[in-house]
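Numbering (the working numbering), first residue to last: -6 to 174.
Ideal placement from N, C-alpha and C gives every residue a C-beta, glycine not left out.
Since we're looking at a predicted model, the values are computed, not measured.
Structure first, commentary second.
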Amino acid sequence: MKNQTTDRSTTLQKGKVMLRTLQETDARDLARHVNNKKIWDNLRDYIPFPYTEEDAKSFIASVANENPVYTFVITYEGQVCGVMGLVAQQDVYKKSASIGYWVSEDYWGKGIASTALELATHYGLYQLGHIRIDTSVFEYNPASMRVLEKNGYVKEGIFRKAIFKNNQIWDEHRYAIVRED
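See below:
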């Protein structure tokens, strides 16, 4: 695992998988990958569908001044293939973060999400100093559940009928990892 950080630029790498700071030039690739119903079905509804290059540019601009960096583009062999993001919590949860990610369908089955999650989890726990990172997964995404479990995340519960997506009600599976795990 290789890490490099400057003022507003962070790069995390393991093998062919790299997490790096988003750049405006990533917009076209992000739009192409997110503009896929199979990807969008696993994302929150505040992310528009169809997803345009302008949407991607707005997203990149919204995270451009993060310091420290919490949002990364995922690359595989130098090609943009997804996004990994941490969200620091506040108030009594200020030592916790939530994590979310997606990997383009073109890159499924290569272990990219698992490696990217490993990098981001280590970064969140040991470089940013969080003691807990949590996430949620829609019930129809067992592949993401496997990625989390492979990385030491523990299923803490199921929020029954918590999600309304595509005009249907779904369960939400909650996972977390703590620094001691």
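Length of the line joining the Cα atoms of residue i and residue j
i, j, result
"I93", "T128", "Note that residue 93 is Gly in the sequence shown, not Ile. Rounded to whole angstroms, G93 to T128 spans 7 Å at the Cα level."
"N29", "P43", "8 Å"
"E165", "E59", "29 Å"
"T114", "Q83", "18 Å"
"G8", "E111", "12 Å"
"M198", "V56", "The structure shown does not extend to residue 198, since the chain is modelled only from -6 to 174, so the question has no answer here."
"I156", "N134", "13 Å"
"V140", "S107", "5 Å"
"Y63", "H123", "12 Å"
"Q6", "R167", "27 Å"
"A81", "N160", "30 Å"
"E46", "A24", "5 Å"
"L79", "I151", "21 Å"
"K158", "R13", "30 Å"
"N144", "Y116", "13 Å"
"S91", "R153", "20 Å"
"S137", "D99", "16 Å"
"V130", "L15", "24 Å"
The beta strand (DSSP E) enclosing residue i, as first and last residue numbers
i, result
"T68", "T64 to Y69"
"D48", "Counting along the chain, D48 falls outside any beta strand (DSSP E), though it belongs to the alpha helix (DSSP H) covering E46 to V56."
"Q72", "Q72 to A81"
"F157", "V147 to K158"
"K7", "S2 to K7"
Residues near residue i in its chain [Cβ-Cβ closer than 6 Å; skip 5 each side]
i, result
"H26", "S97"
"V73", "D19, D22 and V66"
"P41", "D48"
Contact under 9 Å by Cβ, residue i with residue j
i, j, result
"P61", "T3", "yes"
"I105", "G71", "no"
"L121", "R172", "no"
"W163", "E142", "no"
N- and C-terminal bounds of the alpha helix (DSSP H) containing residue i
i, result
"V27", "A20 to V27"
"W33", "K30 to W33"
"H115", "I105 to H115"
"S137", "P135 to K143"
Neighbourhood of residue i by C-beta, 7 Å cutoff - its chain only, sequence neighbours within 5 removed
i, result
"A169", "R125, I126, D127, Y146, V147 and E149"
"E17", "K50 and I53"
"W95", "I32, N35, L36, G75 and V76"
Chain-order list of residues whose beta-carbon lies under 8 Å from that of residue i (same chain, five-residue window excluded)
i, result
"K103", "Y69"
Cβ-heavy atom distance, residue i to the ligand HEM, below 8 Å
i, result
"H123", "Looking for the ligand HEM in the displayed structure turns up nothing, as the structure carries no ligands at all."
Are the stretch 37 to 51 and the stretch 71 to 88 touching by the rule of at least three beta carbon pairs closer than 8 Å? Counting Cβ pairs under 8 Å, fewer than three are found: no touch.
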